[in-house]
Amino acid sequence: MTRPGTWGLSVFSALCGCMPAQTSLIGTPIEGYNHTSAAIHHFSVNRNGGPGIGPYGGGGKQNCCVGMPAQWSPGLKVLVEWEKDPAPHAYGSWPERRHTDEWRTRMKAHRAGYSRHSVWVEVAPYERLGVVDVHFLPCDQVAVSAVVTLPGMPGYPFGFPRRMEALSPCPVH
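Start counting the sequence shown at 1; every next residue gets the next number (full-length UniProt numbering).
Dropping the structure here:
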């Protein structure tokens with residue numbers, strides 16, 4: 001005599017063998033580098049959050065995690081989404097006293113000027129999976145690596161300067 005459900009479990013197990021093998025993903029920390037004068041208030045990689053980054057800042061703080069394959073393959077892409085404040089220091093010159101009703105009204109109008117972006121980015125080749133580094137570049141360009149090497153060290157795939165100025169006008173992409 002068999003127990004109810006045993007037969008169904010056997011059929012399910014057999015069918016699982018017919019499914020294509022999936023690439024296993026490893027939870028990998030996310031770190032950001034901002035090479036622009038704007039502030040990146042928040043960003044995500046494949047909908048997993050990264051830390052906020054001030055102008056010309058980044059590195060040194062990571063958020064957990066985005067699933068990445070242990071083995072890089074050509075065409076590997078991630079979805080990067082972010083919110084950008086093009087004038088992060090504007091409130092410093094406002095005549096309104098901070099945290100007053102007038103200041104909050106001004107801040108609300110300022111926040112309306114934030115821009116939101118979303119782009120699929122090809123991940124630079126890696127031999128060993130490391131931290132997912134997202135580089136925010138002028139003109140809303142983004143570069144992504146996932147190597148074990150730190151930026152500025154030999155073997156790092158990018159050599160972006162810390163401060164980059166936008167081309168005027170930015171190319172249309």
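Yeah, the Cβ is synthetic: ideal placement off N, Cα and C, and Gly gets one too.
For residue i, the first and last residue of its enclosing alpha helix (DSSP H)
i    : result
D101 : 101 to 111
Exposure of residue i, with buried meaning 16 or more beta-carbon neighbours within 10 Å
i    : result
G32  : buried
S168 : exposed
T100 : exposed
G50  : buried
G113 : exposed
8 angstroms contact criterion, which residue i and residue j should meet: CB distance rounded
i    : j   : result
V132 : M68 : 6 angstroms
V134 : I30 : 7 angstroms
C-beta atoms of residue i and residue j nearer than 8 angstroms
i    : j    : result
S80  : T28  : Residue 80 is actually Val in this sequence, not Ser. No. Outside cutoff.
K84  : H110 : no
Y126 : W82  : no
T36  : F136 : yes
L150 : I26  : no
V144 : V119 : no
Run of the beta strand (DSSP E) containing residue i, from where it starts to where it stops
i    : result
A39  : 39 to 45
A143 : 141 to 145
Using 8 angstroms as the threshold, is the stretch 57 to 68 in touch with the stretch 92 to 112, meaning 3 or more CB pairs across them?
Too few Cβ pairs lie closer than 8 angstroms, so no.
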